[in-house]
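Numbered by UniProt numbering, the letters in the sequence shown go through residues 1 to 91 in order.
Think of the CB as a built atom: it goes at the ideal place given N, C-alpha and C, for glycine as much as any other residue.
Model, not experiment: these values are computed from the prediction.
Below is one structure; the comments refer to it alone.
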Amino acid sequence: MGRLFDSPWPIVIIIVVALLLFAAPKLPGMARSLGQSMRILRSEVKEMKNDDGKSASSSSSQGESPVEGKVIPPKGADEGDGGTGGPSQRA
Numbered sequence: 001m002g003r004l005f006d007s008p009w010p011i012v013i014i015i016v017v018a019l020l021l022f023a024a025p026k027l028p029g030m031a032r033s034l035g036q037s038m039r040i041l042r043s044e045v046k047e048m049k050n051d052d053g054k055s056a057s058s059s060s061s062q063g064e065s066p067v068e069g070k071v072i073p074p075k076g077a078d079e080g081d082g083g084t085g086g087p088s089q090r091a
């Protein structure tokens, strides 16, 4: 019995067989999920590379500064209509 477990291969085979027996119904869903995750990751990495290339070339060639935005209060906040426009920001 000691010679059977001298190498890790019999243990690996036992684990694979146990997974196939007990997790067989879940394997297609797990494979589908893994494939979807890999596609999303690949597309995000590709998009990040494209964004880095565009932002580096556009900012270095044009020398633009960042644009500042203006916060617009929600409708009804200036009218004092009893809180329907969101939380009151008056102190």
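Contact between Phe-5 and Ile-11 holds: their C-beta atoms lie close to 7 Å from each other, under 8 Å. When secondary structure is reduced to three states using DSSP, Ser-7 falls in the coil class, being assigned neither helix nor strand. A distance below 7 Å between beta-carbons, with the five flanking residues on each side excluded, links Pro-73 to no residue of its chain.
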